Every structure is written in structure tokens, then in C-alpha cells.
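**Q**
Residue numbers (the numbering used here), protein chains in the order written: chain A, 18 to 206; chain B, 18 to 206.
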């Protein structure tokens with residue numbers, strides 16, 4: 018197996034353990050055991066548990082950041098932009114729900130530079146979303162409710178998807194996208 | 018101070034510590050220190066850290082259960098019922114956001130009987146909500162989206178309120194209720 022693939026395998030196995038037990042409670046020994054290899058051989062591929070955590074979280078945060086930048090710089094209408102943001106969250110959730118558990122539960126265990134970098138990305142992400150909503154209310158595409166309430170109620174649902182969707186056996190991704198967009202944009206009544 | 022009030026004070030101080038550090042990391046010594054009293058004197062009022070946790074969580078869960086039972090047994094229309102559920106969550110959040118942090122983060126540390134009792138209440142709560150939505154779609158009061166998506170997107174927002182609302186300085190409770198009801202029921206476009 019190529020070294021790059023081996024590293025990906027380690028990151029994937031670690032995501033599952035971090036999700037189940039939390040970053041702090043997982044040892045490199047646990048990880049090696051879960052993968053059926055020796056702890057020493059993990060270190061041929063990664064330097065530390067911290068490196069694994071930052072790989073999981075920073076990769077995901079950069080993916081969200083790039084997606085959001087592309088959407089917010091486009092000249093689409095606000096409603097289309099928000100639809101694209103909903104799809105971005107669903108796509109990432111479908112691909113890596115375990116990693117999102119680390120991002121949500123264990124981001125505070127990132128060390129110095131990565132922690133700051135992560136917090137900046139999260140702040141910018143929310144702020145870009147806020148600006149999109151703001152522009153939408155100015156253009157009368159979005160109703161003039163309190164902007165913070167709109168931002169919170171949309172993001173709280175999208176950020177919790179990783180917990181809920183893996184347990185749903187009967188909802189395929191297309192229905193999820195279609196109905197989630199309708200519910201969040203047009204409501205339920 | 019009356020013993021009953023003293024116990025409430027202990028529960029309140031513990032809620033704040035549990036929120037900040039998590040149930041597992043807080044000791045009775047930490048709690049006594051935060052309250053400026055001796056650890057031994059805590060035991061005049063409560064038997065254990067577990068008793069504090071179960072007081073916080075079970076009281077809140079019973080409050081939600083009673084509120085939901087009243088709403089679901091009433092003969093109001095579905096939309097009115099859902100509005101009342103949103104108000105229930107906002108009222109509890111306004112009164113006890115710290116306790117809700119324990120309920121959300123530390124429920125799994127409840128011991129045997131209380132854990133089962135809590136899980137049953139949570140299951141019944143969600144199920145009652147699901148039945149209300151189901152009835153609403155049958156009566157054409159609610160759009161015919163996938164019911165699980167409606168239940169998830171509404172509850173994920175209401176259950177995260179305790180994290181977000183305490184940081185909002187500029188949104189008063191009346192605006193919150195009004196706009197949250199509109200956003201969740203009628204959407205943002």
C-alpha cells in the first residue's frame with residue numbers, strides 16, 4: 018500500500034475512535050489495536066495523535082472554506098447561494114460524517130497555530146454566510162427577520178446533520194437535498 | 018438560608034461548572050471551592066455528584082415532557098402546537114441554559130435507572146413531536162416533506178438554542194420567539 022493511502026487509512030480509523038470515545042480518551046495504542054498493527058509502525062506514517070486530529074479538522078475546515086468562498090464570490094442570486102451552501106454541508110456529511118464529529122467535538126484540542134487557523138476559518142465562514150443573508154434581505158430575496166436568528170437556525174441544522182443522517186436508512190441523498198432545501202428556505206407550512 | 022434553597026444553589030453552581038469543564042472533570046472539591054464553602058458541608062444537602070447531575074437533567078427532561086404532553090393532548094391545530102413547542106424550548110432556554118448544557122453533553126453519565134428514565138422521556142418527546150407533524154401533513158397543514166427531515170431540522174435548532182442565545186446581547190425574548198416561529202414555520206424566502 019502506498020504511504021499516502023496508509024496515512025488516509027490511519028486518519029479514517031482515528032476519526033471513528035475519536036467519534037466514539039473523544040480525542041482525549043484515545044491512545045495511539047488504541048488506534049494501532051483497532052487497525053490490527055503495531056503502535057510503532059503508526060509512526061512511520063504520522064508523527065503524533067495531534068497530527069491526526071489536525072489533518073481531520075483542518076482538511077474539513079479548508080473544504081468548507083473553499084466551498085464557501087466559491088459560493089460567496091459567485092454572482093448568483095442569494096437563494097441559489099444558500100441552496101449551494103446547504104448542498105455543500107450535505108455533500109461533506111455524506112463523505113465524512115466521522116470527521117465532522119471530531120470537528121464539532123474536539124476542535125478545542127487543536128494546538129496553537131492550528132487552533133487559531135481553525136477559529137479564523139470558522140469565523141470567516143459564519144461571517145460570509147451572514148453577509149449573503151444580509152445582501153438577500155437588502156435585495157428582498159430574504160424576509161427581514163433578525164439576521165442572527167436566520168444564520169443560527171440554518172447553520173445549527175446543517176452542523177448537526179452528521180449526527181442524524183448516518184442513522185437514517187430510508188432517506189436517500191437526493192431526497193435529503195431536495196427536502197432540506199425546501200424546509201430551510203420555504204418552511205414547513 | 019433554607020435547606021431547599023441551598024440545594025438549588027448547589028445545583029446552579031454545579032450546572033455552570035459542568036458546562037465549562039464537563040461532568041467527568043468536575044470534583045465535589047471544585048464545586049465547594051466555586052461556592053466558597055467546605056466540601057464536607059455540601060454533603061449536608063446532597064449525597065453525590067451523581068445526585069446533582071440527575072437533579073439537573075431529570076428536572077429539565079420532566080419539564081419538557083410535561084410541556085409536550087399538554088401540547089400534544091390539546092385540541093389545537095398543528096401549527097399552533099408547533100408554535101407552542103418552539104415557545105417551550107425558548108422559555109426553558111431563557112430560564113436554564115446552563116442546565117441544558119448538562120442535558121446535552123452529560124446525559125450519558127446518568128446512572129442506571131435515571132439513564133433509562135431519561136432515554137425514555139427523550140424518545141417519547143421526539144415521538145410525540147413526530148406524531149404532531151404526521152397529523153399536520155395528513156390535515157394538509159404541513160407540507161408533505163419527509164417527516165424525519167422536518168422533525169430533525171426543527172429539533173436540531175431548538176436543541177442548540179442554549180449554546181447560541183446566551184451570547185446574543187441584542188435579541189430580546191419577544192423578537193426571538195416571533196422570528197424563530199416564523200423562520201421555522203414559514204422559512205426565510
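Beta carbons: idealized from backbone N, C-alpha and C, even for Gly.
From a predicted model like this one, the values you see are computed outputs, not experimental measurements.
Between the segment 149-158 of chain A and the segment 182-197 of chain B, do at least 3 Cβ pairs fall closer than 8 Å?
**A** no
**Q** Does DSSP put residue 127 of chain A in a helix, in a strand, or in coil?
**A** In the first chain, residue 127 of chain A corresponds to position 110, counting from 1. Coil.
**Q** So, is residue 41 of chain A buried or exposed, given that buried needs 16 or more other C-beta atoms within 10 angstroms?
**A** What you label residue 41 of chain A is simply residue 24 of the first chain in a count that begins at 1. So residue 41 of chain A counts as exposed.
**Q** Just reading off the alpha helix (DSSP H) that residue 76 of chain A is part of, what are its end residues?
**A** The sequence position of residue 76 of chain A within the first chain is 59, counting from 1. Note, residue 76 of chain A: alpha helix (DSSP H), 66-90.
**Q** Checking 9 Å against the spacing of the C-beta atoms, do residue 109 of chain B and residue 77 of chain B come in under that value?
**A** As a first step, residue 109 of chain B must be located in the second chain, where it is residue number 92. As a first step, residue 77 of chain B must be located in the second chain, where it is residue number 60. In this structure, residue 77 of chain B lies closer than 9 Å to residue 109 of chain B by Cβ.
**Q** Identify each residue in the segment 183-201 of chain B for which the Cβ-Cβ distance to at least one residue of chain A is less than 9 Å, and report them in chain order.
**A** 185, 187, 188, 192, 193, 195, 196, 197, 199, 200, 201
**Q** Taking beta-carbon pairs under 8 Å, can you tell me which members of the segment 106-129 of chain B lie near chain A?
**A** none
**Q** Among the candidates A/176, A/102, A/115, A/132, whose CA atom is the shortest distance from the CA of residue 30 of chain A?
**A** Translated into the one-based positions of the first chain, residue 30 of chain A becomes position 13. Nearest option by C-alpha distance: A/115.
**Q** Going straight from the alpha carbon of residue 56 of chain A to that of residue 39 of chain B, what length do you get?
**A** For the purposes of this step, residue 56 of chain A is taken as the residue at position 39 of the first chain. For the purposes of this step, residue 39 of chain B is taken as the residue at position 22 of the second chain. The alpha-carbon atoms of residue 56 of chain A and residue 39 of chain B are separated by roughly 30 Å.
**Q** Of the residues B/149, B/96, B/187, B/67, which one's Cα is nearest the Cα of residue 129 of chain B?
**A** Start at 1 with the first residue of the second chain, and residue 129 of chain B comes out as number 112. The residue with the shortest Cα to Cα distance from residue 129 of chain B is B/67.
**Q** If the criterion is Cβ atoms closer than 9 Å, does the pair residue 113 of chain A and residue 32 of chain A meet it?
**A** Here residue 113 of chain A is taken as the residue at index 96 of the first chain, counted from 1. Here residue 32 of chain A is taken as the residue at index 15 of the first chain, counted from 1. Judged by beta-carbon spacing, residue 32 of chain A lies within the 9 Å limit of residue 113 of chain A, meaning their Cβ atoms are closer than that value.
**Q** With distances taken Cα to Cα, identify the nearest neighbour of residue 61 of chain A among A/20, A/101, A/83.
**A** Mapped onto the first chain, residue 61 of chain A falls at position 44. Minimum Cα distance to residue 61 of chain A is reached at A/20.
**Q** Can you give me the C-alpha to C-alpha distance between residue 100 of chain A and residue 198 of chain A, rounded to a whole angstrom?
**A** In the first chain, the residue the question calls residue 100 of chain A occupies position 83. In the first chain, the residue the question calls residue 198 of chain A occupies position 181. Those two C-alpha atoms are separated by around 6 Å.
**Q** Are any of the Cβ atoms in chain B nearer than 9 Å to that of residue 165 of chain A?
**A** Taking the first chain and counting its residues from 1, the one referred to as residue 165 of chain A is at position 148. For residue 165 of chain A, the nearest beta carbon of chain B is closer than 9 Å to its own beta carbon.
**Q** Would you say residue 75 of chain A reaches chain B, if we count a Cβ-Cβ gap shorter than 9 Å as a contact?
**A** Walking along the first chain from the start, residue 75 of chain A turns up at place 58. It does not; no Cβ of chain B falls within 9 Å.
**Q** Since residue 276 of chain A and residue 70 of chain A should fall inside the 8 Å C-beta cutoff, what is the C-beta to C-beta distance between them, to a whole number of angstroms?
**A** As shown, chain A starts at 18 and ends at 206. That puts residue 276 of chain A outside it, with no answer to give.
**Q** Verify whether the separation of the beta carbon atoms of residue 238 of chain A and residue 141 of chain A is less than 9 Å.
**A** This structure cannot settle anything about residue 238 of chain A, because the visible part of chain A is limited to 18 through 206.
**Q** Note down, in chain order, each residue of its chain lying with its Cβ closer than 8 Å to the Cβ of residue 167 of chain B, except the 5 sequence neighbours on either side.
**A** Here residue 167 of chain B refers to the residue found at position 150 when the second chain is read from its first residue. The answer, listed in chain order, is 150, 159.
**Q** Strictly below 7 Å CB to CB, what residues from chain B border residue 159 of chain A?
**A** Here the question's residue 159 of chain A lines up with position 142 in the first chain. Ordered by position in chain B, the residues that pass the 7 Å Cβ test against residue 159 of chain A are 205, 206.
**Q** Report yes or no: is there a C-beta of chain B within less than 9 Å of the C-beta of residue 44 of chain A?
**A** Taking the first residue of the first chain as position 1, residue 44 of chain A is located at position 27. No - not a single Cβ of chain B is within 9 Å of the one on residue 44 of chain A.
**Q** Label residue 94 of chain A either buried or exposed according to how many other C-beta atoms from any shown protein chain fall within 10 Å of its C-beta, with 16 as the threshold for buried.
**A** Working through the first chain from its first residue, we reach residue 94 of chain A at position 77. Exposed.
**Q** If we cut at 9 Å on Cβ distances, does residue 96 of chain B have a partner in chain A?
**A** As a working note, residue 96 of chain B is residue 79 in the second chain. Yes, because at least one Cβ of chain A sits closer than 9 Å to the Cβ of residue 96 of chain B.
**Q** Less than 9 Å between CB atoms is the rule here; does residue 99 of chain A satisfy it with respect to chain B?
**A** Counting from one through the first chain, the residue named residue 99 of chain A turns up at place 82. Interface residue, yes.
**Q** Can you tell me whether residue 98 of chain A is buried or exposed, with buried defined as 16 or more other CB within 10 angstroms of its CB?
**A** The sequence position of residue 98 of chain A within the first chain is 81, counting from 1. It counts as buried.
**Q** Report buried or exposed for residue 196 of chain B, applying the criterion of at least 16 other Cβ atoms within 10 angstroms of its Cβ.
**A** For the purposes of this step, residue 196 of chain B is taken as residue 179 along the second chain, with counting starting at 1. When all chains shown are included, residue 196 of chain B counts as buried.
**Q** In angstroms, rounded to a whole number, what distance separates the CA positions of residue 102 of chain B and residue 200 of chain B?
**A** Along the second chain, one-based indexing puts residue 102 of chain B at 85. Along the second chain, one-based indexing puts residue 200 of chain B at 183. Approximately 14 Å between the Cα atoms of the pair.
**Q** Measure the C-alpha to C-alpha separation of residue 165 of chain A and residue 125 of chain B and round it to an integer number of angstroms.
**A** What you label residue 165 of chain A is simply residue 148 of the first chain in a count that begins at 1. What you label residue 125 of chain B is simply residue 108 of the second chain in a count that begins at 1. Cα to Cα, residue 165 of chain A sits roughly 31 Å from residue 125 of chain B.
**Q** What did DSSP end up calling residue 150 of chain B once you bin it into helix, strand or coil?
**A** Walking along the second chain from the start, residue 150 of chain B turns up at place 133. DSSP places residue 150 of chain B in helix when its eight states are reduced to three.
**Q** Please list the terminal residues of the continuous alpha helix (DSSP H) segment that includes residue 200 of chain A.
**A** As a working mapping, residue 200 of chain A is identified with position 183 in the first chain. 190-203 is the extent of the alpha helix (DSSP H) around residue 200 of chain A.
**Q** Going along the segment 130-162 of chain B in order, which residues come within less than 7 Å of chain A, judged by CB to CB distance?
**A** 158, 159, 160, 162
**Q** Would you call the CB atoms of residue 173 of chain B and residue 58 of chain A closer than 9 Å?
**A** Along the second chain, read from residue 1 onward, the residue named residue 173 of chain B stands at position 156. Along the first chain, read from residue 1 onward, the residue named residue 58 of chain A stands at position 41. Taking 9 Å as the Cβ cut-off, residue 173 of chain B and residue 58 of chain A do not qualify as a contacting pair.
**Q** What do you reckon, are the CB atoms on residue 74 of chain A and residue 162 of chain B nearer than 9 Å?
**A** In the first chain, counting from the first residue as 1, residue 74 of chain A sits at position 57. In the second chain, counting from the first residue as 1, residue 162 of chain B sits at position 145. Cβ atoms of residue 74 of chain A and residue 162 of chain B: not closer than 9 Å.
**Q** What residue does the alpha helix (DSSP H) around residue 41 of chain B start on, and which one ends it?
**A** Within the second chain, the letter at position 24 stands for residue 41 of chain B. Per DSSP, residue 41 of chain B belongs to no alpha helix (DSSP H) and is neither H nor E.
**Q** Express the C-alpha separation of residue 83 of chain B and residue 171 of chain B in angstroms, rounding to a whole number.
**A** For the purposes of this step, residue 171 of chain B is identified with residue 154 of the second chain, where counting begins at 1. For the purposes of this step, residue 83 of chain B is identified with residue 66 of the second chain, where counting begins at 1. Each residue's CA atom was taken as its position, placing residue 171 of chain B and residue 83 of chain B some 19 Å apart.
**Q** Check for me: the alpha helix (DSSP H) holding residue 161 of chain B runs from which residue to which?
**A** Numbered from its first residue, the second chain carries residue 161 of chain B at position 144. No alpha helix (DSSP H) contains residue 161 of chain B, which DSSP labels as neither H nor E.
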